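Structure, as C-alpha cells:
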Amino acid sequence: MGIERIKSIKDLPPEENVFSGTPACAGCGALLSLRLTLKALGRKIVIVNAAGCFTLLTIYPYTPFANSWLYTAMASAPAGAQGVRDALDILLEKGRLDPEEDLKVVVLTGDGAAYDIGLASTSGAIYRNLDFYYLCYDNEAYGNTGFQRSGATPFGSGTGTTPPGSVRPTGTELPKKDLFEIWRSHKPPYLATISPAYPVDLINKFKKAEQYKGPKLFIALSPCPPGWATDPSYTVKLAKLAVGTGVWALKEAVYGEVSHTIVPKKFKPVEEYLKEQGRFAHLFKPVRQEETLKKMQEMVDDYWKRHQLLL
Amino acid sequence: MKKEMLTGNAAAAWGVRLAEVDYIPAFPVTPQTEIIETLARWIADGDMASRFVTMDSEHSMITAAGAASATGVRAFTATSSQGLLYGFEMLYAVAGWRVPLVMVNVSRGLSAPITLETDHNDVLAARDSGFLQIHCETCQEVLDSILMAYRLVEDERVLLPIIVNMDGFYLSFTREPVEVPNLERVRNFLPPYQPKHAFFKASQPMAQSVTALGGSLYSYFKYQMHLGSQKALEVYKEVCVEFEKEFGRHYDTIEGYMLDDADYVLVMTNSFSTLGKAAVKRARARGIKAGLLRLRLLRPFPAENIQRALTGKRAVAVIDQNISVGKGGILHSDVASCLCNEKQRPLLFSFIGGLGGKNISPGEFEFIFTELIKAVAGEAVEPSQLLYTEEEWQEMVRLKRIAGKE
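The listed protein sequences correspond, in order, to chains U and F.
Taken in order, the first sequence gives residues 0 to 310; the numbers are from numbering that gives the first Met the number 0.
Taken in order, the second sequence gives residues 0 to 405; the numbers are from numbering that gives the first Met the number 0.
Written out as C-alpha cells, the structure reads:
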C-alpha cells in the first residue's frame, strides 16, 4: 500500500498537540499514549471524552489541547462522536461548513468505559459504521477512582475491589476481557493495539488507519504508576516488558484479518513483568503462589500458540 | 394553511418537519414511536431533508442529539417514560452544554408495575435538569409548541434544551383537527438555524463541558443555567406575541378557564385539563363559581403569573397526575411555594389522580368542588387525597381475590 511509514524515532512528528502542565500523575503511561496519538492525528480533531482519568485534563479555564473537546458521560462518548460527526457531515453537505474546517472525530476513553459501561454505545457506533477514531488508554482498572477492577483487569491483579486476602489470595479471578476481539466481531476496517514504548509502531498504525473510513480502534496498554504501584520513571520499561514477555500483543486487524506487528524473538518469562509491580506483589509474598503464576504464564503461552507464533 | 385530522404524534412530526430540523437520532418506545416512524417515512420519501439515525439506546440518543446541537445543527428527538429515565443522565449534561435541543416526551407512567398509559412522573422527574418544559393540552398545541420551542431556546438569551410534553394515548393516539401551517409562514416565524454559540471547527478550537473544580466555579455555571431559564419567561412572552401575529393562535405561560370571577379553582396540566374544563362548566351550571388554571410552561416556573391568577381565590385544588412517593403531588408543592408569602392566599389542597391513565370521572371532579366548599365553610378537609372511587376499589378487591392475594 502506498502509505509512507516512518522508520525510526527520529521520524516522529515534531508537533506537540497536548501540552505540559496537566494534572496527570507522574509517569502516566496513558498521557504518553495520548501524546503520541495526537502527534499522529494532528490538530484538526475534536476529542469526545468519556469519564476517566483524562476528563481531568481540562479544568476550567485551562485545556492542554490544541484541538476541540467535548465531554459527554462515561457510557456514551461514541454516541457523542456520532452526533458530532453527523452534524459536521450535515453542515458540509448543506454548505454551512467550509471543508477546510472539517475535523476528525476521536473518542478518548479509559478501559472502564471502553470495556464496561460504554460497550453498548461503542457497539452501536461500530455497527453504524461511524467514521471515527477510538483511543482506549488501558491501565487495566478504574484508575480515576483509585484502582478498582474493570473488565480490563488481568487475572491475578490486586485492585481496590479485588483485594488479595487470606481467603481469596489471588486478587482478580476473572481473565481480562478481549476488547480487540469484541470489536473485531463487528468487522470494522481497522483495529490495533499500541504501546507508548513503541512509538514508531504506534505512528505507523495511525498512518495505516487513516486510509479507512469507518470505526478505527486503538487500545494502548498504559502503565499507571499509582495503580500498578511502580516507580514513575519505570513506565516505558514496564510497557516494553509487557510486550517482551508476550503479555501485550502488538497487532492490528484490517477488516478482521489479524497480523502481529512486533513479535519478540525470544519471549521473557511473564514473571519478569509481574514482579516489578505492586498490584502483583501478593503473588510472591508472603508465599509464592505457584499455581497462579503458572496459570498466568500458560494464558500468555496459549495466546501465542493459538496464533502459531510460539513454537 | 390546511386542516387535517392528526394524532398528537403526527402533529409532533409535522412540527419537526416544518421546523426543518437537520438531525434526528431516534430510539423506539411506546407511545412515542409513531413520531419517529412518521419522520423516518418522510425522510425515506424525500419529503424532509434531514438525517435520521437509529441509535442503540435513549442514553446514546440524547447524547448524539445534544452533541449534534453543540456542533451547530438543528436537532430533534423524542422519547417516553422509561426511555426518558434511561437517558436521564444526559439531560443534565445537555442542559449544561447550553444547547437548544428540542425533545418531545410522550408521558407514560413509570415501572414498576409496568404500564403503557399516561401520567407525569416521567417528565416531572426531569424538571430540575435544566430542560425547559411546555405541557400541551391538544394536538394543535403540540405542533405549535414545537415551533415555539425552537424559537425560544435558540434565542441567545436562553440557550437551554426543552421538552415539549404530551400525554400518551390521550393525545399521542387521539385524532383532532389540526391546522398545519404553510412552510413559508413557519420560516417567517422560525428562520433557518444560524448558531453563534457553539461550533466545532478547525480554525476555532473549543473545549465544551470541561471540569469545574471548586464550588464557586460550579455554582457560577449552574446559576447561569438558572438565570437563562428565568430569562426564558421574558423571551417566551415575545415568542407568544410573534406566534399569534403569524398564526393567530394565542398562548401564554398559563391558561385561565372561567377563572376571572372564580372562587374555587382546579389547577391542572396536559390533556386531562379538558376533562377539568368540562367539570368547571358543569359546576357553574350548578351555581358554583368554579374555574380552572392550566399550567402550560412548567420550567421555567411562571410563579408570578400563578400568584396573580390565584391570589384572592377562596380555595384551590391542585390535581397532580403524579406521585412523589413519600411526599405527594409534585405540582402542589410548586404551586404552594409561590403562594406561601401571599397575604390573600387561597386554601390549597392536593388531589392525586389519573395515575397510569386512570380516568378522572365527573363524579370525582364534583367531589373535589364539594371538598373545597366544605373547607371554605370551615369544615375539616384532608390536605392531600387520592382520587379513587368505591367501584374502583371493589374491582381491585375482586382482582386481588383472583390473584390469591386477598
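All C-beta atoms in this analysis are idealised placements derived from N, C-alpha and C, irrespective of residue type, glycine included.
As the structure is a prediction and not an experimental result, all values here were calculated from the model.
In this structure, the CA atom of residue 207 of chain F is about 6 Å from the CA atom of residue 68 of chain U. Residues of the same chain with a CB within less than 6 Å of the CB of residue 182 of chain U, apart from the 5 flanking positions on each side, are 190 and 216 in chain order. Looking only at U:270, U:210, U:277 and U:57, the smallest Cα-Cα distance to residue 297 of chain U is reached by U:270.
When the beta-carbon positions are compared, residue 238 of chain U and residue 184 of chain U stay at least 8 Å from each other. Residue 368 of chain F sits in a helix when the DSSP states are folded into three classes. The Cβ atoms of residue 131 of chain U and residue 166 of chain U do not sit closer than 8 Å to each other. Not flagged as an interface residue toward chain F: residue 112 of chain U, since no C-beta distance is shorter than 8 Å.
The continuous beta strand (DSSP E) containing residue 135 of chain U extends over residues 131–137. Contact check between the segment 97–106 of chain F and the segment 75–92 of chain U: fewer than three CB pairs, one atom from each, fall below 8 Å, which does not count as touching. Identification of residues in the segment 99–111 of chain U having a C-beta nearer than 8 Å to some C-beta of chain F yields 99, 100, 101 and 102, given in sequence order. When F:164, F:86 and F:80 are compared, the shortest CA-CA separation from residue 109 of chain F is found for F:80. When C-alpha distances from residue 369 of chain F are compared across F:337, F:286, F:319 and F:226, the shortest belongs to F:286. In its chain, beyond the 5 residues on either side, 370, 373 and 374 have a beta carbon closer than 6 Å to the beta carbon of residue 380 of chain F. A direct Cα-Cα distance of roughly 27 Å separates residue 247 of chain F from residue 265 of chain F.
Close CB contacts of residue 260 of chain F within its chain, under the 7 Å cut and outside five residues either way in sequence, are with 288 (chain order). When the beta-carbon positions are compared, residue 59 of chain F and residue 120 of chain U come within less than 8 Å of each other. As computed with DSSP, residue 267 of chain F is found in a beta bridge with F:293. Nearest to residue 314 of chain F by C-alpha distance, out of F:335, F:324 and F:323, is F:335. DSSP places residue 102 of chain F in the uninterrupted beta strand (DSSP E) bounded by 101–106. Between residue 367 of chain F and residue 305 of chain F, the C-beta spacing is not below 8 Å. Looking from the CA of residue 343 of chain F, the closest CA among F:307, F:151, F:318 and F:325 belongs to F:307.
Contact with chain U is absent for residue 260 of chain F, since none of that chain's Cβ atoms lies less than 8 Å from the residue's Cβ. CA-CA distance, residue 128 of chain F to residue 227 of chain F, rounds to 13 Å.
For residue 57 of chain F, same chain residues with a beta-carbon under 6 Å away, outside a window of 5 residues either side, are 26, 78, 82, 85 and 86 in chain order.
Taken in chain order, the members of the segment 214–227 of chain F whose beta-carbon sits within less than 7 Å of a beta-carbon on chain U are 216. Residue 146 of chain U is classed as buried because its beta carbon has at least 16 other beta carbons within 10 Å across all chains shown. Here residue 255 of chain F carries a strand assignment [DSSP, helix/strand/coil].
Residue contact check for residue 26 of chain F against chain U: no CB pair falls below 8 Å.
The Cβ atoms of residue 174 of chain U and residue 213 of chain U do not sit closer than 8 Å to each other. Put simply, of F:45, F:251 and F:31 the residue whose alpha carbon is nearest the alpha carbon of residue 166 of chain F is F:31.
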